[in-house]
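*Asks:* Be aware that the sequence shown starts at 379, since it is given in the working numbering, and climbs by one per residue.
Dumping the structure here so I can ask a few things about it.
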Amino acid sequence: MTQASILKVTANGTTTSPVIRGVWIMERILGFHTAPPGGVPALEPDIRGAVTIRQQLDRHRADPVCASCHRKIDPPGFALESFDVMGGWRDRYRAFAENAKPEAGIGLSGQPFAFHHGLPVDAAGALVDGRSFKDIREFKQLLLDHEERTVARNIVSQLVIYGTGAPIGFSDRKQVEEILDHTRNSGYGLRDMVHGIVESDLFLNK
């Protein structure tokens, strides 16, 4: 999820979006699909004075209509805020606080200079169940410790869809779980997953 290609396509070229990145993680990594709420018009919350994307989304989530979904999809996106629109690491945003005093000094050439520090990036978050993380490293560890089977299940499901050209049906779930059971001792290795899939009735008879 921290590959530059992924980080680039989940940004618009100018700013990052925890919403888009959060949805990508939920769908592509965890396998949870979040559809737009039906019958809810687009909202334009009052974001005056909000400088960073987190501040803007905090105001967005203040609306009860938005909060139910955004409290699920925003935190995974916040974990990736330390990566800019091109996938490079950053500690600060390009935006700076209003009325911030510039740093001044004298350069090696003897010329005076002044610059503003951007606001620090905040990549912390908390999932719906209360589990919290402070950066992308802790978020990855959280997934490894608590969501390993969920991630593995999504990988198996996507491989089955790719291999058979058909979606996973309700009756297929038992076989998916059996494949996971057989690959658990190997740490859900990709090679073992592929072998389990191609040897299963799910692949041979679908």
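All C-beta atoms in this analysis are idealised placements derived from N, C-alpha and C, irrespective of residue type, glycine included.
For proline 490, I'd like the list of residues in its chain whose CB is within less than 8 Å of its CB, leaving aside the five on either flank, ordered along the chain.
*Replies:* Excluding sequence neighbours, proline 490 sits near Ala482, Gly483 and Ile484.
*Asks:* Would you mind working out which of Leu385, Ile575 and Gln553 sits nearest methionine 464, comparing C-alpha positions?
*Replies:* Checking every option, the nearest Cα to that of methionine 464 belongs to Leu385.
*Asks:* Pull up the DSSP beta-bridge partners for serine 510, would you.
*Replies:* Paired residue(s): Ala504.
*Asks:* Is DSSP giving glutamate 481 helix, strand or coil here?
*Replies:* Glutamate 481 falls in the strand class under three-state DSSP.
*Asks:* Would you identify the three-state DSSP class for phenylalanine 372, choosing helix, strand or coil?
*Replies:* This structure gives no information on residue 372, because the portion of the chain shown stretches from 379 to 584.
*Asks:* Report the rounded CA-to-CA distance for valine 397 versus alanine 501, giving the unit in angstroms.
*Replies:* Distance between the alpha carbons of valine 397 and alanine 501 is about 13 Å.
*Asks:* Applying the criterion that 16 or more other CB atoms from any shown protein chain within 10 Å of the CB defines a buried residue, is glutamine 519 buried or exposed?
*Replies:* Answer is exposed; the Cβ neighbour count stays below 16.
*Asks:* From what residue to what residue does the beta strand (DSSP E) around proline 490 run?
*Replies:* Looking at the DSSP string, the run of the beta strand (DSSP E) that includes proline 490 is 490 to 493.
*Asks:* Given this structure, state the Cα-to-Cα distance separating tryptophan 467 from aspartate 452, to the nearest angstrom.
*Replies:* Going from the Cα of tryptophan 467 to the Cα of aspartate 452 covers about 19 Å.
*Asks:* Between which residues of its own chain and phenylalanine 581 is the CB-CB distance below 8 Å, once the five residues before and five after are set aside?
*Replies:* So the list reads Val538, Gly541, Thr542 and Ile575, once near-sequence residues are dropped.
*Asks:* Between which two residues does the alpha helix (DSSP H) carrying tyrosine 471 extend?
*Replies:* Here tyrosine 471 belongs to no alpha helix (DSSP H), and DSSP marks it neither H nor E.
*Asks:* Who are the near neighbours of alanine 504 in its chain, counting only those whose CB is closer than 8 Å to its CB and skipping five residues on each side?
*Replies:* Once the five neighbours on either side are set aside, the close Cβ partners of alanine 504 are Pro453, Ser510 and Phe511.
*Asks:* What are the boundary residues of the alpha helix (DSSP H) that includes isoleucine 539?
*Replies:* From DSSP, the alpha helix (DSSP H) with isoleucine 539 extends over 526 to 542.
*Asks:* May I ask which residues mark the beginning and end of the alpha helix (DSSP H) holding glutamate 405?
*Replies:* Taken as a continuous stretch (DSSP letters only), glutamate 405 belongs to no alpha helix (DSSP H), as it is neither H nor E.
*Asks:* Between the beta-carbon of asparagine 532 and the beta-carbon of glycine 409, is there less than 8 Å?
*Replies:* Taking 8 Å as the Cβ cut-off, asparagine 532 and glycine 409 qualify as a contacting pair.
*Asks:* If you count every other CB in all the chains shown that lies within 10 Å of the CB of valine 554, and 16 or more means buried, which is it?
*Replies:* Flag for valine 554 reads buried.
*Asks:* In terms of residue numbering, what span does the alpha helix (DSSP H) encompassing alanine 382 cover?
*Replies:* Counting along the chain, the alpha helix (DSSP H) containing alanine 382 begins and ends at 382 to 387.
*Asks:* Could you tell me the boundaries of the alpha helix (DSSP H) in which threonine 561 lies?
*Replies:* From DSSP, the alpha helix (DSSP H) with threonine 561 extends over 551 to 561.
*Asks:* Quick check on DSSP: helix, strand or coil for phenylalanine 461?
*Replies:* Looking at phenylalanine 461 - three-state DSSP - the assignment turns out to be strand.
*Asks:* Going by C-alpha to C-alpha distance, which of Ala440, Val529 and Ser487 sits closest to methionine 379?
*Replies:* Looking at the Cα atoms, Val529 is the closest of the given residues.
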